[in-house]
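If you want the working numbering, it's the position in the sequence shown, counting the first as 1, plus 17. C-beta atoms are modelled at their ideal positions from N, C-alpha and C, and glycine is treated no differently.
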Amino acid sequence: MTTYITTPIYYVNAQPHLGHAYTTIVADTYSRFRRLCGEKVRFQTGTDEHGDKIVKAAENDHVPPQDYVDKISALFRQTWPLLQVEPDHFIRTTDAEHVAVVQRILQKVYDSGDIYFDEYTGLYCQGCERYLTGKELVDGNCPDHQKPPEEIAEQNYFFRMSRYQQQLLDHIHTHPEFITPERYRNEVLSFLSEPLEDLCISRPKSRLTWGIELPFDDKFVTYVWFDALINYLTGVGYPDGPQFAEYWPVAEHVIAKDILKPHAIYWPTMLLAMGAPLYQKLHVHGYWNIDDTKMSKSIGNVVRPKELVQEYGVDTVRYFLLREMSFGLDSSFSSEAIVARQNADLANDLGNLFSRATAMVRKYRQGKVPAPAQFTEADRELVAGAENMLRDYRQLMAEFLFHRGLQAVWEFVGMANRYIVTNEPWALARDPQNAPRLDTVLYNILECLRLLTLVLQPVMPGAAGRMATSLGLAEDDERICSLDQGGQWNMLPPGTELQAIDNLFPRLDDGGKGAEKDAAAQRKKEKKEPPAVAGATLLPYEHFQLLDLRVAEIVAVEPIKKSTRLLKLTVRAPEERTIVAGIAEHYTADKLIGKQVLIVANLQPVKIMGVSSQGMVLAARTEENGQERLVLSAVSSPVVPGSKVA
Ligand code: MSP
C-alpha cells in the first residue's frame with residue numbers, strides 16, 4: 018500500500034504561523050502513521066509564489082519578486098525541521114519543472130477546447146485572488162477579507178468548468194469519502210446545486226507579469242490558482258515520471274476550510290478536463306483562533322511556530338495541536354490551554370507512568386526487563402485493553418480523527434496507571450515468594466510503555482525516541498516502529514536493560530499566571546453571565562472534559578479498621594478497583610452490593626487509612642433534622658459497568 022499526502026502550498030506573502038504549522042503537522046503525523054502501518058509514503062509541502070499578492074509584498078519589502086520569494090520560501094522550509102516535520106519533497110511554484118508542467122497542461126486543455134477567450138466583467142477580490150459571485154458577498158463585502166471586491170472588465174481566457182459539473186457531482190455522490198468531514202462535503206454539494214460558472218484562468222500582462230506565461234498567448238500569465246493546484250501533480254512527476262502512476266491515484270490533500278472551493282471544485286474539474294484520475298481524498302479542517310479571536314497581523318496576535326517550540330518544546334506543541342482540535346471544527350489556542358495539557362496529560366498521566374514504572378524496574382529488578390510468569394485475569398484485562406486501544410487508534414488515525422485517537426491512547430494510559438495501583442508492585446516486592454508475580458506485573462507495565470511508545474511515534478517522534486531509549490530499544494526497532502511487527506503483547510525481550518533518561522515531560526510552572534488570568538477572565542465572564550448556582554465557579558467546558566466520570570458497580574464491601582466513617586468498596590468500572598468512601602454511617606454492606614453509582618475514575622490514587630483508593634464515589638450531601646445525610650448517586654436504570662457519564 019502507498020500513500021501520497023500533501024499540504025496546501027503556502028503563499029509567501031506571510032511568514033509561517035500557527036495555522037500553517039497545524040496543517041503541516043497533521044500531514045506529517047499522518048505520513049508517519051501510514052509508515053507505522055507499513056506503507057510507502059510520499060509527503061509533500063511547499064510554497065505558492067506567483068500572483069498579485071506576492072508582487073505587492075515584494076514591493077513593500079523593496080526587493081524584486083524573485084529575491085522576495087526566495088527569502089520567504091526559505092523561511093517555510095527552515096520552519097519544518099523545528100516542528101519535526103519531515104516532508105519528502107518541498108515544491109515551489111517557481112521551480113522550472115513546475116512551470117513546464119503547468120504550461121503542458123494548459124496547452125492540453127486548450128487543444129481539447131476547454132479553454133476559450135472572452136470578455137468578462139466581474140467582482141474581483143485581491144485578497145482571495147479570484148472573482149467572487151454576488152451570492153458570496155456579505156453586505157457587499159468579501160466575507161474573508163471584509164472589503165468590497167473591485168469591478169473589473171477585461172478580456173481573458175476561461176476554463177469550461179461548467180462542462181464538468183455533473184461528472185463531479187456524480188463522483189461526490191458515489192464516493193462519500195472524497196471530501197470529509199461530512200459538513201464540508203455538504204457545503205460543496207450545496208454549492209454544486211447551482212449552475213457553475215466558467216473559471217477565468219489568465220491575467221493580462223498589462224496588469225500582472227509575475228506568473229507563468231500562457232503557452233498559447235504570451236500577452237497573458239496564468240491565474241495563480243490554476244498554477245498552484247497543479248503542484249500536486251508536478252511533485253510526483255506528471256505525466257510519465259515513475260512516481261506518478263504509483264502515487265497520484267492515492268493522493269490525499271489536507272487543507273483548511275478557507276480553500277475548500279478551489280480544492281473541491283476547481284481542482285477536480287481541472288483533472289477531469291486533462292483526463293487525469295481524481296485525487297482520492299480531501300481532508301478539511303477548521304481554523305485556529307487565538308484566545309477566541311481571529312488570528313491577524315493587525316490585531317497583533319499571530320502565533321509563530323518557532324516561538325511556540327522555544328517555549329513549550331516540539332513534542333508538547335504537536336501533541337497539543339492534534340489533541341485539542343476536533344478535526345473539522347474551529348479551535349481556540351491559548352497558553353493556558355497548552356500548559357494545562359502539558360501538566361495533565363503529558364507530565365501527570367504519561368510522564369508519571371513512565372518514571373514510576375521504570376523506577377520500579379530499577380529498584381526491584383536492577384533495571385532489567387523481567388520475564389513474565391503466568392497471567393491472571395487482571396493481566397488479561399490489561400492485554401485486552403491494549404488490543405482495544407490499538408484497534409481504535411488505527412481506525413481513528415486513518416480517519417483523521419486525531420483527537421479521538423489520542424483520547425483512546427490516554428484511556429489506555431489511565432488503565433496502565435490503574436493496573437499499577439491495583440497490583441501494588443511495592444507490596445509484592447516485600448515478599449520474595451511473590452517474585453514471579455512481581456516479574457509479571459513489571460513486565461506488563463513495561464509492555465504498556467512499549468505500546469505507548471509505538472502509537473505515539475507519529476504524534477511526538479522526539480518523545481517517542483526518548484521513550485524507546487529508556488526501554489533499551491533502538492529508535493528504529495520494529496517493536497516500536499511497526500504496528501504489524503510491534504502491535505502485540507510479549508514483544509519486549511526479557512533481559513533488556515533500561516536506560517536512564519531525563520524527565521520526559523516536566524510540569525510547566527505558569528507562575529500562577531494562568532490561574533490569575535483564569536480568575537480575571539472568570540470575573541469578567543461572571544459580570545456578563547451570572548453563575549447558574551450562586552457561589553459556584555463556572556468551569557470552562559475543557560476542564561469538565563478532563564474528568565473521567567463513570568458508572569461503577571459495587572461488588573464487595575469491607576469495613577476499614579479503626580474507622581467508623583469509611584468503607585472499602587470494590588467496584589467494577591469495568592475493571593475492578595478499590596475506592597474508599599466515607600459512607601459507613603449511611604449505608605450497610607447489604608444495601609451497597611450490586612448498586613450502580615457514579616465515580617470519578619481518573620483521580621490520582623491516594624492512601625486512606627492504609628488503603629489505596631482509586632477514585633471517588635459521588636454522593637449528594639444533605640441535612641435532615643440537623644443531621645448530615647449522604648445519598649449515593651445512581652443511574653435511572655442499570656447500564657454496563659464502566660459506561661462513561663457525560
Ligand atoms: N496558496 C494557497 C494554497 C494553494 S494550495 C494549491 C493558500 N495559501 S495560504 O498561505 O493562505 O495557506 C492557507 C492554509 O494555511 C489553510 O488552508 C490552512 O491549511 C492554513 N491556515 C492558515 N491559517 C489558518 C488558521 N488560522 N487555522 C488553521 N489553518 C490555517 O491559501
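Spatial neighbours of residue i within its chain, please: C-beta separation below 6 Å, excluding the five flanking residues on both sides.
i      : result
Leu471 : Ile497, Gly503
Met484 : Thr470
Arg716 : The chain is shown only over 18 to 663; residue 716 falls outside these bounds and no answer can be derived.
Val241 : His67, Gly68, Glu146
Output the distance between the C-alpha atoms of residue i and residue j, rounded to the nearest integer angstrom.
i      : j      : result
Asp535 : Val623 : Confidence is the limiting factor: at Asp535 the pLDDT is only 47, short of 50, which leaves the residue's position unreliable, though a coordinate-based value still follows. Going by the C-alpha atoms only, they are around 28 Å apart.
Pro198 : Gly345 : 6 Å
Lys661 : Val205 : 35 Å
Ala395 : Glu194 : 40 Å
Val102 : Ala601 : 56 Å
Arg447 : Thr310 : 57 Å
Ile42  : Asp519 : 25 Å
Phe107 : Gln83  : 17 Å
Thr19  : Gln412 : 17 Å
Tyr604 : Glu570 : 15 Å
Trp427 : Trp506 : 18 Å
Phe522 : Val356 : 11 Å
Ser499 : Asn405 : 17 Å
Val319 : Phe243 : 29 Å
Pro449 : Gln383 : 15 Å
Leu7   : Arg567 : What is shown of the chain runs 18 to 663, which leaves residue 7 out entirely.
Classify residue i as helix, strand or coil using the three-state DSSP reduction.
i      : result
Met287 : helix
His270 : strand
Glu353 : helix
Ala517 : coil
Ala651 : coil
Leu666 : Because the chain spans 18 through 663 in this model, residue 666 falls outside it and cannot be assessed.
Ala31  : coil
Ala481 : helix
Ile107 : This sequence places Phe at residue 107; Ile is not what is there. Strand.
Arg177 : coil
Ser223 : coil
Glu404 : helix
Ile247 : coil
Phe60  : strand
Gly431 : helix
Met18  : coil
Gly130 : coil
Lys661 : strand
Arg646 : strand
Val301 : strand
Arg321 : coil
Phe93  : helix
Phe392 : coil
Met342 : coil
Is the beta carbon of residue j closer than 7 Å to that of residue i?
i      : j      : result
Arg121 : Gly63  : no
Pro387 : Leu468 : no
Tyr39  : Leu338 : yes
Thr587 : Val597 : no
Val430 : Asp366 : yes
Glu495 : Gly482 : no
Ala290 : Asp131 : yes
Arg51  : Tyr21  : no
Thr111 : Glu146 : no
Ala663 : Leu647 : no
Gly144 : His115 : no
Thr513 : Gly489 : yes
Arg524 : Ala364 : yes
Val574 : Ala606 : yes
Gln32  : Leu99  : no
Taking only heavy atoms of the ligand ATP into account, decide whether any of them is closer than 6 Å to the Cβ of residue i.
i      : result
Ile276 : The ligand ATP is not part of the structure shown, which contains the ligand MSP as its ligands.
Return the chain-ordered list of same chain residues with a C-beta closer than 7 Å to the C-beta of residue i, the five sequence neighbours on each side being excluded.
i      : result
Asp332 : Met477, Gly479, Ala480
Please list, in chain order, all residues of the same chain as residue i whose beta carbon is under 8 Å from its beta carbon, the five residues on each side excluded.
i      : result
Gln225 : Correcting the residue type first, residue 225 is Leu in the shown sequence and not Gln. Around Leu225: Gly68, Asp69, Val72, Val238.
Glu56  : Met18, Thr19, Thr20
Asn360 : Arg524, Leu525
State yes or no: is the beta carbon of residue i nearer than 7 Å to at least one beta carbon in chain D?
i     : result
Pro25 : Although the question refers to chain D, the structure presented lacks it and comprises just one protein chain.
Per the contact definition of three or more C-beta pairs closer than 8 Å, is the stretch 301-308 in contact with the stretch 267-277? yes
How about the stretch 222-239 and the stretch 38-51: do they share at least three Cβ pairs that are nearer than 8 Å? no
Give a yes or no on contact between the stretch 419-432 and the stretch 341-355, applying the rule of three or more CB pairs nearer than 8 Å. yes
Do the stretch 206-218 and the stretch 73-87 touch if we need at least three Cβ pairs shorter than 8 Å? no
Inter-stretch contact (C-beta, 8 Å, three-pair minimum) for the stretch 167-182 and the stretch 133-143: yes
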